[in-house]
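Novice: Under UniProt numbering, the first residue of the sequence shown is numbered 1, with each subsequent residue one higher.
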Amino acid sequence: MAADEVISRIFIPQAPKDSQLRIWKLSKRREDDISAVLGAFSYRVEQGVLHDVRIAFGGMAAIPKRAQAAEKALEGSNISVEAFRAAQQALEVDFQPMSDVRGSQQYRQQAAKNLLERLYLSLLTPDQEVMLHAYAH
């Protein structure tokens, strides 16, 4: 974009009616705090198969970023522990998180994997809210 140009329009297409969206924030305080890690997950489930998977994280890079390797691991796969373990491993390709006062590189990497675990468990039990108080793999 040139210095004399301006953005005049942004188009955001409407998500398909059968798409799902889950967003979880990890921070010291629930309100008015910068998150250590934030995970956003958009997807459709058709006959137990994941489609249109979009995953993005905040707090894992200098700016919010999509987890394209993790998306690829889940796209077209059955909801299974194997698919989600592959997506968790793919996060190591997608991100080399920073360390700062909100969390170390190792903490952020594990937290992102745990949010994928939470998504997996929420897909297994869609009528219940899944709360992970402690999880490490």
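Every residue, glycine too, gets a C-beta built ideally from N, C-alpha and C.
1. Mind listing, in chain order, the continuous beta strand (DSSP E) runs of no fewer than 3 residues lying wholly within the UniProt domain "CO dehydrogenase flavoprotein C-terminal" (22–123)?
2. I believe F84 touches F57 by the beta-carbon criterion, under 8 Å. Please report the beta-carbon distance rounded to the nearest angstrom.
3. Taking the DSSP output, what are the residues bridged to Q20?
4. Please state whether the Cβ-Cβ distance between Q109 and E92 is less than 8 Å.
5. Are F41 and L121 close, meaning C-beta to C-beta below 8 Å?
6. Cβ atoms of A67 and E55: under 8 Å apart, would you say?
Specialist: Looking at the coordinates:
1. Annotation note: the UniProt domain "CO dehydrogenase flavoprotein C-terminal" (22–123) contains the following uninterrupted beta strand (DSSP E) runs of length 3 or greater, listed N- to C-terminal: 37–46, 49–58.
2. Taking the Cβ atoms as the reference, F84 lies roughly 15 Å from F57, outside the contact range of under 8 Å.
3. Paired residues: Y43.
4. For the pair Q109 and E92, the CB atoms are nearer than the 8 Å cut-off.
5. The Cβ-Cβ distance between F41 and L121 does not fall below 8 Å.
6. A quick correction: the sequence has Ile, not Glu, at residue 55. Yes, they are a contact pair.
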